[in-house]
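Asker:
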Ligand code: AMP
Ligand code: ZN
């Protein structure tokens, strides 16, 4: 297994092997064939699971009504850096889903899955910190106990899944990057209430482990706003779980090497990787 590189060297190696294609704008790379193949195969692996087969699939464009975005973020973090129009780019793939839950839920609630592009104004040299990236998300709505149990089951499942791909996965409670004094209080209470968990994997030698998967338990935040009621009339809760697909691919390349044919056979088999895709003639490009 190759040793981890620092952020700059990881960026350069990904580019050298044609996995990411620098565009001049930090965090806005093109994706090469092998990189995209890994994303597709990881997503297919998740969607082959029982949960993937069971969840209702939805697809949305990467924009939501501006009121929806501000309602979702509670005015905290994403508005800056975006032009003022009726629509707003989504910072998370799940945003468009919550309004569709409005009304009375069936017994047992609902589970939806989406794959979508997200936008965040986070320019960085770290190849894992993109301005636009994709998330595979699962969204659960229902009675609080059901939603909490679902979250706990996924936490175990998520770690097992990443470990099965040879990644050194750990979970921890986390908080979103809220700003200011009241922001610090929000972050603190998010941690205390264990509302956010992340599964992290070491990806860069000079950085803390990178979050590949995040769980957010919103309790009544969205169901209150969009009038979502349980079948028994009790208040419903929501939670979501998102895999950052580009981060997942980068973690796999950083851990197993930049050429698919060098990856452990077990990982390639599990993902059903076609190593012929990293044809060196097509993959290795000159650096700009
Ligand atoms: P969050 O909503 O911040 O918890 O993000 C959900 C998931 O999206 C994270 O676990 C990451 O895998 C991924 N993610 C978040 N921010 C970025 C980013 N700037 N670039 C790439 N992936 C990201
Ligand atoms: Zn989400």
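In the working numbering, the protein residues as written are 4 to 291. Backbone N, C-alpha and C define an ideal beta-carbon position, used for all residues, glycine too.
Quick check on DSSP: helix, strand or coil for residue 135?
Answerer: Residue mapping note: residue 135 aligns to position 132 of the chain shown, counting from 1. Strand at residue 135.
Asker: Please go through the same chain and pick out, in chain order, the residues whose beta-carbon is closer than 7 angstroms to the beta-carbon of residue 110, but skip the five residues on each side of it.
Answerer: By 1-based counting over the chain shown, the position of residue 110 is 107. Answer for residue 110: 234, listed in chain order.
Asker: In the DSSP assignment, what are the bridge partners of residue 226?
Answerer: Start at 1 with the first residue of the chain shown, and residue 226 comes out as number 223. According to DSSP, residue 226 bridges with nothing at all.
Asker: Please find out if some non-hydrogen atom of the ligand AMP comes closer than 6 angstroms to the beta-carbon of residue 136.
Answerer: Taking the first residue of the chain shown as position 1, residue 136 is located at position 133. At least one heavy atom of the ligand AMP is nearer than 6 angstroms to the Cβ of residue 136, so yes.
Asker: Which residue wins for smallest C-alpha separation from residue 93, given the options 108, 58, 137, 18?
Answerer: For this step, residue 93 is matched to residue 90 along the chain shown. The shortest C-alpha separation from residue 93 is found at 137.
Asker: Would you decide whether residue 263 is buried or exposed? Buried here means 16 or more other CB atoms lie within 10 Å of its CB.
Answerer: What you label residue 263 is simply residue 260 of the chain shown in a count that begins at 1. Burial call: buried.
Asker: Is residue 58 near the ligand ZN, with its Cβ less than 6 angstroms from a heavy atom?
Answerer: Residue 58 sits at position 55 when you count from the first residue of the chain shown. Not under cutoff, so the answer is no.
Asker: Consult DSSP for residue 38 and reduce its assignment to one of helix, strand or coil.
Answerer: Taking the chain shown and counting its residues from 1, one reaches residue 38 at position 35. Of the three classes helix, strand and coil, the one that applies to residue 38 here is helix, per DSSP.
Asker: Specify, as a first and last residue, the run of the alpha helix (DSSP H) that residue 30 falls within.
Answerer: On the chain shown, residue 30 is found 27 positions in, with the first residue counted as 1. From DSSP, residue 30 is part of no alpha helix (DSSP H); its letter is neither H nor E.
Asker: Indicate whether the contact test is met: 3 or more Cβ pairs, each with one atom in the stretch 203 to 215 and one in the stretch 60 to 67, closer than 8 angstroms.
Answerer: Counting Cβ pairs under 8 angstroms, fewer than three are found: no touch.
Asker: Closest to residue 224 by CA distance: which of 187, 104, 255, 52 is it?
Answerer: Taking the chain shown and counting its residues from 1, the one referred to as residue 224 is at position 221. Out of 187, 104, 255, 52, 104 has the C-alpha closest to the C-alpha of residue 224.
Asker: Helix, strand or coil for residue 184, going by three-state DSSP, please let me know.
Answerer: By one-based count along the chain shown, residue 184 stands at place 181. Residue 184: helix per DSSP, three-state reduction.
Asker: Let me know the secondary structure DSSP gives residue 164 once reduced to three states.
Answerer: One-based indexing of the chain shown puts residue 164 at position 161. In this structure, residue 164 counts as helix in the three-state DSSP scheme.
Asker: Considering only the beta carbon of each residue, do residue 127 and residue 247 sit closer than 7 angstroms?
Answerer: As a first step, residue 127 is located in the chain shown; it is residue number 124 there, counting from the start. As a first step, residue 247 is located in the chain shown; it is residue number 244 there, counting from the start. Going by C-beta atoms, residue 127 is not nearer than 7 angstroms to residue 247.
Asker: Got a sec: does the ligand AMP put a non-hydrogen atom nearer than 6 angstroms to the Cβ of residue 274?
Answerer: Residue mapping note: residue 274 aligns to position 271 of the chain shown, counting from 1. No; taking the cut-off as 6 angstroms, the Cβ of residue 274 has no heavy atom of the ligand AMP nearer than that.
Asker: Does the count of Cβ pairs from the stretch 145 to 155 and the stretch 178 to 189 closer than 8 angstroms reach three?
Answerer: Taking 8 angstroms as the limit for Cβ pairs, the verdict is that the stretch 178 to 189 does not touch the stretch 145 to 155.
Asker: Apart from the five residues just before and just after residue 38, which ones in its own chain have a Cβ nearer than 6 angstroms to its Cβ?
Answerer: Here residue 38 refers to the residue found at position 35 when the chain shown is read from its first residue. Closer than 6 angstroms at the Cβ level, and outside the excluded window around residue 38, lie 22, 252.
Asker: Are the CB atoms of residue 154 and residue 242 nearer to each other than 7 angstroms?
Answerer: If you number the chain shown from 1, residue 154 lands on position 151. If you number the chain shown from 1, residue 242 lands on position 239. A contact, by the Cβ cut-off of 7 angstroms.
Asker: Tell me whether residue 197 sits in a helix, a strand or coil according to DSSP, three-state version.
Answerer: Mapped onto the chain shown, residue 197 falls at position 194. It is coil, neither helix nor strand.
Asker: Could you tell me if residue 143 is buried or exposed, where buried requires 16 or more neighbouring beta carbons within 10 angstroms of its beta carbon?
Answerer: Numbered from 1 along the chain shown, position 140 holds the residue referred to as residue 143. With 16 or more other Cβ atoms within 10 Å, it is buried.
Asker: Can you tell which of 174, 161, 230, 7 has the C-alpha that lies nearest to the C-alpha of residue 101?
Answerer: Position 98 of the chain shown holds residue 101. The shortest C-alpha separation from residue 101 is found at 230.
Asker: Taking 6 angstroms as the cut-off, does the CB of residue 245 come closer than this to any heavy atom belonging to the ligand ZN?
Answerer: Working through the chain shown from its first residue, we reach residue 245 at position 242. Correct: residue 245 has its Cβ closer than 6 angstroms to the ligand ZN.
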